[in-house]
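Have a look at the structure below before the remarks.
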Amino acid sequence: MESIARSQSATGPGVPASTERPLIYRQSRWTRLTHWLWAISLFFMLLSGLQIFNARPQLYIGKQSGFGYHNTILEIGAENTSAGPRGFTEIFGHRFDTTGVLGWSGPAGNETARGFPSWATIPSYYDLGTARVIHFFFAWILTTTLLVWLVASLINGHIRRDLAPRLDDLKRLPQDIVDHAKLKFHHTREYNTLQKMAYGGVLFVLLPLMIITGLAMSPSMNSVLPFLNELLGGRQTARTIHFTVMLLLVGFFIIHILMILAAGPINELRSIITGWYRTDPPAHNDKTSEA
1 MESIARSQSA TGPGVPASTE RPLIYRQSRW TRLTHWLWAI SLFFMLLSGL QIFNARPQLY
61 IGKQSGFGYH NTILEIGAEN TSAGPRGFTE IFGHRFDTTG VLGWSGPAGN ETARGFPSWA
121 TIPSYYDLGT ARVIHFFFAW ILTTTLLVWL VASLINGHIR RDLAPRLDDL KRLPQDIVDH
181 AKLKFHHTRE YNTLQKMAYG GVLFVLLPLM IITGLAMSPS MNSVLPFLNE LLGGRQTART
241 IHFTVMLLLV GFFIIHILMI LAAGPINELR SIITGWYRTD PPAHNDKTSE A
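full-length UniProt numbering applies: residue 1 is where the sequence shown begins, and numbers increase by one.
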């Protein structure tokens, strides 16, 4: 994101200036390092988190949960039917048959009752203890890296310079939406408005909320931060928010990958691996880019 411009011809010397595509240093080492640390951490946290969720595949709103309460908003399970065991997912009282994926899954003839299938969890077999160790290990890596990144970015001006939307960005928002809908991308050093809003939402809303709700669910944190559980409406509500944020992060990841493929995967991957990024010809550099 912090860059030192270096212009190189995309087609060699003697080419008209309008066809030159400068190569700029767009992503710093620190940006690239944190990007991959977060990606790896979130991957292991997601799959180990689904294993932890399988220990109680229900979500509630409120401070209580159990058979005596009617505050369940999500349940994944299995039931015996005339056609044999079937998996189901129930959301706000509406039940859907999800046999083979959620509730009842596994190799043909060897299916078992479990919330998420074995291929989507770490470990693949049921092991709550190992899943918790993996989940918390990468959670602390994510939290520590995010805090260091936040302090460093405030000091070096990265947040103000590269991520904070300006008035001009907001004015360009309608056009950015139209360009994305048409899969029309501009390649420059600066992020466009949608990128700034998406990255800002992840870095300053979703990830902090994921960390806070994770702390609220931990019994050991009750004595350290006793107000946190009450602030979030109880441990069960915190768990539901935690799960919802996970779904939003997965959605962001899917859209992020699709945008990379649409905007030019080689250029985008080179940028986040080496730092160098091929931009549009100078005549078009007043616009913004997709990454």
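Ideal Cβ positions, reconstructed from N, Cα and C, are used throughout, including at glycine.
Model, not experiment: these values are computed from the prediction.
- Judged by DSSP secondary structure, residue 76 falls within the beta strand (DSSP E) whose first and last residues are 72–81.
- Annotation: the continuous alpha helix (DSSP H) that includes residue 49 extends over 29–54.
- Within the UniProt domain "Cytochrome b561 bacterial/Ni-hydrogenase" (181–275), the complete alpha helix (DSSP H) runs of at least 4 residues fall at 193–201, 207–217, 226–231, 235–263 and 265–274.
- Fewer than three pairs of CB atoms, one per stretch, sit closer than 8 Å, so the stretch 242–254 makes no contact with the stretch 163–181.
- The C-beta distance from residue 188 to residue 279 rounds to 5 Å, short enough to fall under 8 Å.
- Here the C-alpha atom of residue 147 lies approximately 27 Å from the C-alpha atom of residue 277.
- As a beta-bridge residue in DSSP terms, residue 97 pairs with 88.
- The residue from 143, 103, 94 and 81 with its alpha-carbon nearest to that of residue 87 is 103.
- With respect to the 8 Å criterion, residue 106 and residue 118 are classified as neighbours on the basis of their beta carbons.
- Judged by DSSP in its simplified three-state form, residue 102 adopts coil rather than helix or strand.
- Here residue 82 is exposed: its Cβ has fewer than 16 other Cβ atoms, across all protein chains shown, within 10 Å.
- Residue 162 is a Cβ neighbour of residue 191, given a cutoff of 8 Å.
- With respect to the 8 Å criterion, residue 237 and residue 62 are classified as neighbours on the basis of their beta carbons.
- DSSP places residue 112 outside any alpha helix (DSSP H); the residue lies instead in the beta strand (DSSP E), whose first and last residues are 112–114.
- Of the residues 228, 121, 26 and 209, the one whose Cα lies closest to the Cα of residue 52 is 121.
- A contact between stretches requires three or more CB pairs, one per stretch, nearer than 8 Å, and the stretch 264–273 meets this requirement with the stretch 25–39.
- Boundaries cannot be given for residue 159, as no beta strand (DSSP E) includes it and DSSP labels it neither H nor E.
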